[in-house]
Amino acid sequence: MSETCTQCYMKITDSTVRYQNQPYHGTCFVCWHCRKPLAGQTFQMRDDKKVCKDCNRTHYAKRCVACRNYIEGNAKYVTRDEGTYHSDCFVCARCRNPLAGKTFTEHEGKLVCDDCYHERYAKKCEVCKNVLEGNIEFVKYDEKFFHHECFVCYRCRKPLSGESFRIRGANRLCIPCADR
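Here it is as structure tokens:
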């Protein structure tokens, strides 16, 4: 008894290709896009259509934004606004630790974990060394940054933000303390 091809429904009189226990003509078991034979080849199912490895890359596979290689098979990946990354490529540009599930910042086009950002790039108060972030107001003096509460007279600790002051050595002094 001859079998009927699952694809074309005609009788199979020569060799049979079997996929998921279903019979096919060798000429019917082909890539949906390029029509190359798939018997013995690696292929993917896309929308119930058999697709060879090359066509899967061309028509369906995403490319990793970081390494530019294809994300194929069961590879884990992360998608952001600008594209898709292999999970192993979605890392901090400085320390190379994974970023998935963590907070991070984009700095000059590179993804940086919060720890590296705060350590390397964030504005820090010159006195207490804490990061100046969010809506915190700060004072900029002599290309250095200060919390308002840290920008004070060296002697009396009076806030100097918005006030006149003098410099003696490396110290900022309010006018009354400077005149003593």
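Residue numbers are given in my numbering: position 175 of the sequence shown equals residue 175, and the series is strictly consecutive.
Don't be surprised by glycine CBs; every beta carbon is placed ideally from N, CA and C.
Integer Cβ distance of residue i from residue j, believed to fall under 8 Å
i	j	result
C67	V51	The pair is not a contact, with the Cβ atoms about 23 Å apart (cut-off 8 Å).
L173	R155	6 Å
Y60	R46	6 Å
K124	F145	7 Å
H194	E163	Because residue 194 is not part of the residues shown, which for the chain are 1 to 180, the question remains open.
Contact check, residue i vs residue j, beta carbons under 8 Å
i	j	result
N69	R63	yes
F165	C150	no
A100	V112	no
T42	K49	no
T4	M10	yes
V65	G83	yes
Start and end residues, beta strand (DSSP E) containing residue i
i	result
H59	Careful: H59 lies outside any beta strand (DSSP E), inside the alpha helix (DSSP H) at 53 to 59.
C174	171 to 174
L111	110 to 113
I136	Counting along the chain, I136 falls outside any beta strand (DSSP E), and DSSP gives it neither H nor E.
E119	Counting along the chain, E119 falls outside any beta strand (DSSP E), and DSSP gives it neither H nor E.
R155	Counting along the chain, R155 falls outside any beta strand (DSSP E), and DSSP gives it neither H nor E.
F43	43 to 46
P37	Looking at the DSSP string, P37 is not in any beta strand (DSSP E), and its letter there is neither H nor E.
T27	Counting along the chain, T27 falls outside any beta strand (DSSP E), and DSSP gives it neither H nor E.
F165	165 to 168
H147	144 to 147
T16	16 to 19
Closer than 7 Å: residue i CB and nearest the ligand FAD heavy atom
i	result
R96	Only the bare structure without any ligand can be found here, which leaves the ligand FAD out of the picture.
DSSP-derived helix/strand/coil call for residue i
i	result
E82	coil
C5	coil
H107	strand
H33	coil
C92	coil
C64	strand
Exercise. Is it true that the segment 111 to 122 meets the segment 130 to 143, where meeting means three or more beta-carbon pairs spaced less than 8 Å apart?
Worked result: Yes: at least three Cβ pairs fall under 8 Å.
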